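Heads up, the numbering used here is the position in the sequence shown plus 2, with the first residue counted as 1. For each residue, glycine too, the CB sits at the ideal point set by N, CA and C. This structure is a prediction, so every number in the text was calculated from the model and none was measured. Working notes, structure below.
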Amino acid sequence: MPAVHPLVILLIGITLILGLIVWLRVNAFLALILAAMAVSLLAPGDVGSKMARVGTELGKTAGGIGIIIALAAIIGKCMMDSGAADRIVRFFLRLLGEKRGDAALVSSGYVLSIPVFFDTVFYLLVPLARSMYKKTGKSSLLSVMAIAAGGACTHTLVPPTPGPLATADALRVDLGLMILMGAMIGIPASFAGVLYAHWLNKRMPIEMRPIGGNLPEPEPIEEKHLPPLLLAFAPVVLPVMLIGANTAATSIANAEHAARFQAGEVNWAALRSAIDERLQQDGTLRAPTDQLLTRLPMDAKDVLMGDDVITPNPLSEKNRTTLLAGFNKLLNDSGFFQKKAWRMVDLPGAAEKLGDADRARLNSAEVERLNRLVLEATYGEDVIKPHVWDTPARKAANFTGLIGNPNFALMISAGIAIWLYVRQRKPTSAEFKHVIEDSLMSAGVIILITAAGGAFGAMLREAQIGTAIQDLFAGDGGKASGMVLLFMAFGIASILKIAQGSSTVAMITTASMMSAMIVGMDLPFNPVYLATAIA
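Below you can see the structure in the form of structure tokens.
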């Protein structure tokens, strides 16, 4: 098969997705998985593995987000059925008053769309908007748009809802950071929506339509049947707190840079002798040293291979500083460790078990640790002193890594939501089973769509979309500027959203494309900004 240009492959993939969803009304899962298969067939690689890799990547994405989405669906359903969602809405109505009903509705939508899917939040809050309209006789359009403004923002910006969750996963964004930044951006975005609603409401006064078929207005749940406010908020707040605590503790531990070289940790003369000895060996044994000398900054390499290192006289302060700075820069080189160069070295488990995909997910501190470990394993503790990784801060981060793991945090939250439902409604065994199964059925479709989007993104990477996009910016050193990437992400997501309607599908598709584009690119900002631009 002749080679197909990556940008042509990208165009074919996007055309397939939009054509199948918009014109043929095909389910989003089928559209995304067919596009992934088409891209994989056109991308380089062994013919026999082109279909297999689609399934493999779909499984990887589902493994990363499947539990979270399933638990979020259970939390949302149980909060609705237990009255916890209703309690939160009434809290905001009391706090802000019916005269500020728009602010109460946007706040309710903002909070509830974090654990509850947006369409469900809308169905919950519209009866309240109807009730407010009956009492005041005005602001019908304003109330409905306020619900949409608050709910849509957190639905697209704050995990664990599927769109931002999949976007964070595709762009390797820490989930706690995504929650924090999404929530911060969602507040002004929500109230910008309310301001627009006020402007539109003055120009389009619309009366609330009666319920079809002359059906009576649904009666609100009595106050005594609703759970206490703190318990109602717990399924929303607790996972955010646990995941946030893990993000904070991990950031503190990473800021220590425990793997970086300190003065006195390297015997430079012994290292030079080991390097000279290995350079006399055959290609296999000398491969790690060749890699070291290739990736080491030139000024540090000149000092290390110069005569000053092997003379009896001590190194000058300037040369020691140059060597330390150069080796610490090397530690932060994500491309330094390549298994083929170290296949004859007895590596520690932390390095031996890492695959290429796993290394792509490492943060800066973890990259430094990996590179330090392989250097220690290659040259021995007589040359390079073993570093202490498990500092008190790292031990604290390890603990929060357990309780703040999104799967664990959402499981605790789901347990509370289920307990609330049982406590408030005292369901029969059959009713309880129906609630859980109904939740998981809705989650299953979303997991499949999200996983298919992950497979589509992975196939775009196989097609080398990133290299092709970077070539478009050859005049800028082969890299797109930060603002170009942000506007590109925002524009593509907007077009896809307008074209086919689903925020989740638009975000998943755009995140897949952008993740393929930025492979190997040194972004001038944290990828969370790219994720929130898409959202």
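So, Thr402 versus Leu173, is the Cβ gap smaller than 9 angstroms? The residue labelled residue 402 in the question sits at position 400 within the sequence shown. The residue labelled residue 173 in the question sits at position 171 within the sequence shown. No; because the gap between Cβ atoms is not below 9 angstroms, this pair is not in contact.
Figure out for me which residue from Ala272, Ile277, Gln293 has the closest Cα to the Cα of Pro316. In the sequence shown, counting from the first residue as 1, residue 316 sits at position 314. Per the Cα distances, Ala272.
Under the three-state DSSP convention, the category Ile520 falls into: Against the sequence shown, residue 520 aligns to sequence position 518. Correct three-state label for Ile520: coil.
Output the distance between the C-alpha atoms of Phe235 and Gly406, rounded to the nearest integer angstrom. Residue mapping note: residue 235 aligns to position 233 of the sequence shown, counting from 1. Residue mapping note: residue 406 aligns to position 404 of the sequence shown, counting from 1. Taking the straight line joining both Cα atoms gives about 18 angstroms.
Indicate the three-state DSSP secondary structure (helix, strand or coil) for Val447 in the structure shown. As a working note, residue 447 is residue 445 in the sequence shown. Reduced to three states, the DSSP call for Val447 is helix.
On the criterion of 16 or more Cβ atoms from any shown chain inside 10 Å, does Asp176 qualify as buried, or is it exposed? Along the sequence shown, read from residue 1 onward, the residue named residue 176 stands at position 174. It counts as buried.
Test item: CB-CB of Ala495 and Ala453 under 9 angstroms: Taking the sequence shown and counting its residues from 1, the one referred to as residue 495 is at position 493. Taking the sequence shown and counting its residues from 1, the one referred to as residue 453 is at position 451. Going by C-beta atoms, Ala495 is not nearer than 9 angstroms to Ala453.
Pro166 classed as buried or exposed, judged by whether at least 16 other C-beta atoms fall within 10 angstroms: In the sequence shown, the residue the question calls residue 166 occupies position 164. Pro166 comes out buried.
Residue ranges of each alpha helix (DSSP H) within the stretch 15-93, 4 or longer: 30-44, 54-84
Work out the CA separation of Phe120 and Arg504 for me, nearest whole Å. The residue given as residue 504 occupies position 502 in the sequence shown. The residue given as residue 120 occupies position 118 in the sequence shown. Sequence inspection shows Ser at residue 504; the Arg mentioned does not correspond to that position. So the alpha carbons of these two residues sit roughly 11 angstroms apart.
When the Cβ atoms of the stretch 105-113 are set against those of the stretch 255-273, are three or more pairs found closer than 8 angstroms? no
Skipping 5 residues on each side, what residues in its chain have a beta carbon closer than 7 angstroms to that of Val521? Your numbering for residue 521 matches position 519 in the sequence shown. Same-chain partners within the cutoff: Arg463, Gly468.
Run the CB neighbour count on Met519, radius 10 Å, all protein chains shown included, and call it buried at 16 or more, exposed below. Here residue 519 corresponds to residue number 517 of the sequence shown, with the count starting at 1. Classification of Met519: buried, given that the 10 Å Cβ count is 16 or more.
Whose C-alpha, out of Thr122, Val369, Ala151, is nearest the C-alpha of Asp88? As a working mapping, residue 88 is identified with position 86 in the sequence shown. Selected option, being the one with the closest Cα: Thr122.
Contact defined as beta carbons within less than 8 angstroms: I believe His200 pairs with Ala367. What is the distance between those atoms, to the nearest angstrom? Taking the sequence shown and counting its residues from 1, one reaches residue 200 at position 198. Taking the sequence shown and counting its residues from 1, one reaches residue 367 at position 365. The pair is not a contact, with the Cβ atoms about 47 angstroms apart (cut-off 8 angstroms).
Count the other CB atoms, across all protein chains shown, that sit within 10 Å of the CB of Phe458; report buried if there are 16 or more and exposed otherwise. Looking up residue 458 in the sequence shown gives position 456. That one is buried.
Would you say the stretch 383-398 touches the stretch 38-50, given that touching needs at least three Cβ pairs under 8 angstroms? no
With 16 as the cutoff for other CB atoms within 10 Å, does Trp270 come out buried or exposed? In the sequence shown, counting from the first residue as 1, residue 270 sits at position 268. Trp270 comes out buried.
Does the structure place the stretch 238-256 close enough to the stretch 181-188 that three or more beta carbon pairs sit under 8 angstroms? yes
Measuring CB to CB, does Thr58 end up less than 9 angstroms from Ala537? Within the sequence shown, residue 58 is the residue found at index 56, counting from 1. Within the sequence shown, residue 537 is the residue found at index 535, counting from 1. Not a contact, by the Cβ cut-off of 9 angstroms.
Is Gly480 helix, strand or coil when you go by DSSP? On the sequence shown, position 478 is the one that residue 480 refers to. Low confidence applies to Gly480: its pLDDT is 48, below 50, so where it sits in the model is not reliable, and the reading given next is rough at best. The answer is coil: DSSP assigns Gly480 none of H, G, I, E or B.
Put Ile386 into one of helix, strand or coil per three-state DSSP. Here residue 386 refers to the residue found at position 384 when the sequence shown is read from its first residue. DSSP places Ile386 in strand when its eight states are reduced to three.
Which residue comes first and which comes last in the alpha helix (DSSP H) that contains Trp421? Taking the first residue of the sequence shown as 1, we reach residue 421 at position 419. Note, Trp421: alpha helix (DSSP H), 408-427.
In whole angstroms, give me the CA-to-CA distance for Leu18 and Ala30. Stepping through the sequence shown from its first residue, residue 18 is reached at position 16. Stepping through the sequence shown from its first residue, residue 30 is reached at position 28. When rounded, the distance between both Cα atoms is 11 angstroms.
Grouping DSSP H, G and I as helix and E and B as strand, with all else coil, what is Val268? Translated into the one-based positions of the sequence shown, residue 268 becomes position 266. DSSP places Val268 in strand when its eight states are reduced to three.
Cα separation between Val305 and Ala398? Residue numbering aside, residue 305 sits at position 303 when the sequence shown is read from its first letter. Residue numbering aside, residue 398 sits at position 396 when the sequence shown is read from its first letter. Cα to Cα, Val305 sits roughly 39 angstroms from Ala398.
In this structure, how does DSSP classify Asp335 when only helix, strand and coil are distinguished? Along the sequence shown, one-based indexing puts residue 335 at 333. Coil, per DSSP.
Count the CB pairs spanning the stretch 372-384 and the stretch 334-351 that are closer than 8 angstroms, and state whether there are at least three. yes
Let's see if you can read the secondary structure: which residues bound the alpha helix (DSSP H) around His227? The residue you call residue 227 lines up with position 225 of the sequence shown. Taken as a continuous stretch (DSSP letters only), His227 belongs to no alpha helix (DSSP H), as it is neither H nor E.
Drop a sphere of 10 angstroms on the beta-carbon of Asp524, count the other beta-carbons inside from all chains shown, and report buried for 16 or more, exposed for fewer. Translated into positions along the sequence shown, residue 524 becomes position 522. It is exposed - the Cβ of Asp524 has fewer than 16 other Cβ atoms within 10 Å.
Give the single residue among Ala465, Met516, Phe193, Leu498 whose Cα lies nearest to the Cα of Gly484. Here the question's residue 484 lines up with position 482 in the sequence shown. Comparing Cα-Cα distances from Gly484 to each of Ala465, Met516, Phe193, Leu498, the minimum goes to Met516.
Taking Arg274 as the reference, give the member of His436, Asp309, Asp284 with the closest Cα. Along the sequence shown, read from residue 1 onward, the residue named residue 274 stands at position 272. Comparing Cα positions, the closest option is Asp309.
Range covered by the alpha helix (DSSP H) that runs through Ser110: Numbered from its first residue, the sequence shown carries residue 110 at position 108. Start and end: 103-114.
Selected residue, minimal CA-CA separation from Ala33, among Leu130, Ile510, Lys52: Position 31 of the sequence shown, counted from the start, is the residue given in the question as residue 33. Among Leu130, Ile510, Lys52, the Cα nearest to that of Ala33 is on Ile510.
Pair every Cβ in the stretch 287-299 with every Cβ in the stretch 433-444, then say whether three or more of these pairs are closer than 8 angstroms. no
Let's test the definition: count the other Cβ atoms within 10 Å of the Cβ of Phe94 and tell me whether it reaches 16, buried, or not, exposed. To locate residue 94, count along the sequence shown from 1; it is residue 92. Under this definition Phe94 is a buried residue.
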